[in-house]
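Per the working numbering, the very first residue in the first sequence carries number 5; after that it's consecutive. Even glycine gets a Cβ: it sits at the ideal position worked out from N, Cα and C.
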Amino acid sequence: MAETDETTIEITLPDGSTLTHPAGTTGMEVAESIGAGLARDALAIKANGEVRDLSRPLTEDAEVAILTWDDEEGKQTFWHSSAHLMAEALQALYPDVTFTIGPPIDPGFYYDVDLGDQTLSADELDAIEDKMAELARRDATYERHEVSKANAIEHYEAEGNEYKLELIEGLEEGEISFYEQGDFIDLCRGPHIPSTGAIKAPKLLSVAGAYWRGDESNPQLTRIYGISFPKEKLLEDFLERRRKAKERDHRKLGQELNLFTFDTEQVGPGLPMWLPKGTTLRQTLRGVLQQEQVKQGYKPVCTPHIGRLDLYRTSGHYPHYEADQFPPMVTGQGDDGEEEGYLLKPMNCPHHVKIYQNDHHSYRDLPVRLAEFGTVYRQEQTGELGGLTRVRGFTQDDAHIFCTPGQVKAEFKSVIDLTLKVLDALDFEEFEAQISLRDPDDTAKYTGRDELWTRAEQDIREAVAETDLDAYEEPGEAAFYGPKLDFMVEDALGRAWQLGTIQVDYNLPERFELTYVDEHDARKRPVMIHRAPFGSLERFIGVLIEHCGGTFPAWLAPTQVQIIPVGDDFVDYAKTVATQLRTDDIRVEIDTSDETVGYKIREAETQKVPYMLVVGGDEADDGTVSVRSHADGPQGTVPIQDFLDRVGPEFEPTLD
RNA sequence: GCUGACGUAGCUCAACUGGUAGAGCAGCGCACUUGUAAUGCGCAGGCUGGCGGUUCGAGUCCGCCCGUCAGCUCCA
Numbered sequence: 005m006a007e008t009d010e011t012t013i014e015i016t017l018p019d020g021s022t023l024t025h026p027a028g029t030t031g032m033e034v035a036e037s038i039g040a041g042l043a044r045d046a047l048a049i050k051a052n053g054e055v056r057d058l059s060r061p062l063t064e065d066a067e068v069a070i071l072t073w074d075d076e077e078g079k080q081t082f083w084h085s086s087a088h089l090m091a092e093a094l095q096a097l098y099p100d101v102t103f104t105i106g107p108p109i110d111p112g113f114y115y116d117v118d119l120g121d122q123t124l125s126a127d128e129l130d131a132i133e134d135k136m137a138e139l140a141r142r143d144a145t146y147e148r149h150e151v152s153k154a155n156a157i158e159h160y161e162a163e164g165n166e167y168k169l170e171l172i173e174g175l176e177e178g179e180i181s182f183y184e185q186g187d188f189i190d191l192c193r194g195p196h197i198p199s200t201g202a203i204k205a206p207k208l209l210s211v212a213g214a215y216w217r218g219d220e221s222n223p224q225l226t227r228i229y230g231i232s233f234p235k236e237k238l239l240e241d242f243l244e245r246r247r248k249a250k251e252r253d254h255r256k257l258g259q260e261l262n263l264f265t266f267d268t269e270q271v272g273p274g275l276p277m278w279l280p281k282g283t284t285l286r287q288t289l290r291g292v293l294q295q296e297q298v299k300q301g302y303k304p305v306c307t308p309h310i311g312r313l314d315l316y317r318t319s320g321h322y323p324h325y326e327a328d329q330f331p332p333m334v335t336g337q338g339d340d341g342e343e344e345g346y347l348l349k350p351m352n353c354p355h356h357v358k359i360y361q362n363d364h365h366s367y368r369d370l371p372v373r374l375a376e377f378g379t380v381y382r383q384e385q386t387g388e389l390g391g392l393t394r395v396r397g398f399t400q401d402d403a404h405i406f407c408t409p410g411q412v413k414a415e416f417k418s419v420i421d422l423t424l425k426v427l428d429a430l431d432f433e434e435f436e437a438q439i440s441l442r443d444p445d446d447t448a449k450y451t452g453r454d455e456l457w458t459r460a461e462q463d464i465r466e467a468v469a470e471t472d473l474d475a476y477e478e479p480g481e482a483a484f485y486g487p488k489l490d491f492m493v494e495d496a497l498g499r500a501w502q503l504g505t506i507q508v509d510y511n512l513p514e515r516f517e518l519t520y521v522d523e524h525d526a527r528k529r530p531v532m533i534h535r536a537p538f539g540s541l542e543r544f545i546g547v548l549i550e551h552c553g554g555t556f557p558a559w560l561a562p563t564q565v566q567i568i569p570v571g572d573d574f575v576d577y578a579k580t581v582a583t584q585l586r587t588d589d590i591r592v593e594i595d596t597s598d599e600t601v602g603y604k605i606r607e608a609e610t611q612k613v614p615y616m617l618v619v620g621g622d623e624a625d626d627g628t629v630s631v632r633s634h635a636d637g638p639q640g641t642v643p644i645q646d647f648l649d650r651v652g653p654e655f656e657p658t659l660d
């Protein structure tokens, strides 16, 4: 309701045009003045950067945008309101439910509720969903009530809702509001859409446990995930996209393309076994990186899979991370009564440190860069395991750089370049880079001198800026031993995984008392940088499979060329062609099966082989091949050498 | 580790309220000798994840364990 006011305000729209309205005009009235269609689609309004309810009056000049489903903030508002609608449905069906928080997410929303001793099974979701649809049809308006802190507390004390009371405790007087629609009222900052009627297509997706405030020591709540749309068609599209994303799941493709397998019963969970094709893929990736690392001055090393417990006592990994390690192989007891034995290595760094210590180092030698594709074992929590993205045995493209504090920035820059080169070569255009810094409120929990941290954090910032990397900072996310930079890529289901990582370490040099001699003949402590552009080869390949949907670049494809003789009589010619291609290091297979050409083509297409060469009588007579590409279909018949000249470069493994 | 769902042939899936496990693909054999995304016929393939219980009878119901999936928590 607009209050009548003498004064007018000026509304500036996104296209720069302006409207004049009486002060106190609501967002909805502004939308209506622009057009009936817009008013119908309007979900919220953004005024001077703040997203608000359409029902709230505008009291001063403002830059305004009417938010609809097409705006991210419009969607978020829609989903937030949907969470409230779901809560209303829950309240109707489960009168004893206690509500905690119910935010929008991207995409969708959830609500965390306390059901006491009751559990909610997945088949109850349909009933809740139906109730939501029924309530939505009533088209109740979302009404905002600003309340005092005392009133808010009174409300939830009467309800006995400790969670909301805890939330209110953290709020200031004057910023507390409730939203009410139909029979449901909730502590909420807002904003919300005008009414429930817009929520035409709600869908509840899953139910899961979640801890109050994300803390394991708190009670576990029931989290219900859902999504909703203003049109049924949009929901169908969403479900279709989800179905398609599942087609790109690396677990499915890994099986179909014969890349890797698990035997969780006999070999163990989280322990992938690489089949010949997957191993070819791994080795090719490994090869291109090794080639590049040689150019950049890395020295290869090779270390055992186990080490004495003493090594890990010195490094601090044992017994500190005991819960995450496979139990040690105990061989006896030392004179001091401590257990003696070996640990399956959870990290490569202690061994690399020992290699650094094999020699005295002058400042002239630094940086020393020791690289190893090292396989490590960690006993990850059972609930964490999944496909190749979280496993218990994996190979890191690890390297440790030992350098002076003054060299950190330059080293960081070159590792960023290398990582970007890797991501670029594999066509990862969308990734996030996160700089993890100290928690400024709790610097005591970190090891390493304060000025070193300050300098390293600045070095990372500058290295990032100078490499034109778009990174964001996360204070408090640093490891206790140093700040780091992580590269994150999403999988087919939109989950972000850390791939590449660059970490500064002040801890290990200290613990192992590493030294180098500086230009004044003084012993100094080097800084260590852990870095892995792929991160773990397993996870990287898992994400890569989903990224390319199993269609790898030709240089990486396990089988690069499939030769398809049209009949048994042409197998000899097929072998001649294969031999010629193999001299050029091309990975060739011949399909000698007793099948039709159509079948063999289908087989090769399904396996996503980049090139198929069909050979029969005509080709054998002329020394040619009939080329079919996975990407573009039949390409015509050409002499073998022409094929090599034309596509040979595609098979060249390189990061450039 | 926690919450929920799930586990049937190498793979993808069937089997009404408990009545004794079935199909397609893959495999093998035979025929066909093939020209750009599935040739035909036949054969074989199973301790229904494991252990225990209820029952005349369990793939189906109950309990425990193992594992998979989604999420939470954790992640040197």
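Taking 8 Å as the upper bound for CB-CB distance, L518 and V357 are in contact here, some 7 Å apart. Assignment of C552 by DSSP, reduced to helix, strand and coil, places it in the helix class.
R148 has Y183 as its beta-bridge partners, per DSSP. For I439, the pairing in a beta bridge is given by DSSP as E477, L489.
When DSSP reads this structure, H356 sits in no beta bridge, so it has no partner. Separation of the CB atoms of I13 and H25 is rounded to 6 Å, and the pair is thereby assigned contact status at 8 Å.
With a threshold of 16 other beta carbon atoms within 10 Å, N511 meets it and is buried. Taken through DSSP and simplified to helix, strand or coil, T307 comes out as coil.
For S232, the enclosing beta strand (DSSP E) begins and ends at 224-233. Per DSSP, K204 lies in no beta strand (DSSP E) and is assigned neither H nor E. The region 25-61 is shown to contain whole beta strand (DSSP E) runs of 3 or more residues at 48-51, 54-56, in chain order. Distance from Y229 to Y114 at the Cβ level is roughly 5 Å; contact confirmed, criterion being Cβ atoms closer than 8 Å.
When DSSP states are grouped into helix, strand and coil, R246 belongs to the helix group. Boundaries of the beta strand (DSSP E) around V631: 628-633. Look at T641 here: in three-state DSSP terms it is strand. Excluding residues up to 5 positions away in sequence, T628, S630 lie with their Cβ nearer than 6 Å to the Cβ of T641 in the same chain. Going by DSSP, V298 is part of the alpha helix (DSSP H) stretching over 280-299.
As computed with DSSP, W501 is found in a beta bridge with V493. Residue burial is scored here from C-beta neighbours: G120 has fewer than 16 other C-beta atoms within 10 angstroms and is therefore classed as exposed. In the DSSP secondary-structure assignment, M333 is bridged to Y346. By the neighbour-count criterion, in which a residue is buried when 16 or more other Cβ atoms sit within 10 angstroms of its Cβ, Q564 is buried. Taking C-beta atoms as the reference points, V426 and P562 fail to come closer than 8 Å. Inter-residue distance for E599 and V592 is about 19 Å (C-alpha atoms, whole angstroms).
Uninterrupted alpha helix (DSSP H) stretches at least 4 residues long and entirely within the region 512-585 occur at 541-552, given in chain order. Annotation for G345: L313, P332, M333, V334, T335 place their beta carbon closer than 6 Å to its own, counting only its chain and skipping 5 residues before and after. Note on geometry: alpha-carbon atoms of P350 and R382 lie some 6 Å from one another.
Residue pairing of G378 in beta bridges, as defined by DSSP: Q400. Bridge partners of Y215 according to DSSP: Q224.
For E240, the three-state secondary structure derived from DSSP is helix. DSSP, reduced to helix, strand and coil, places A69 within a strand of the structure shown. The residue among L171, G164, L124, R245 with its C-alpha nearest the C-alpha of A212 is L124. S597 carries a coil assignment under DSSP once its states are collapsed to helix, strand and coil.
Taking C-beta atoms under 8 Å as the contact rule, T318 and F516 qualify, at a distance of about 6 Å. Cβ contact annotation for R290 (same chain, cutoff 6 Å, sequence separation greater than five): F377, in chain order. Looking only at G31, D241, S366, A43, the smallest Cα-Cα distance to R529 is reached by S366. Here E269 carries a coil assignment [DSSP, helix/strand/coil].
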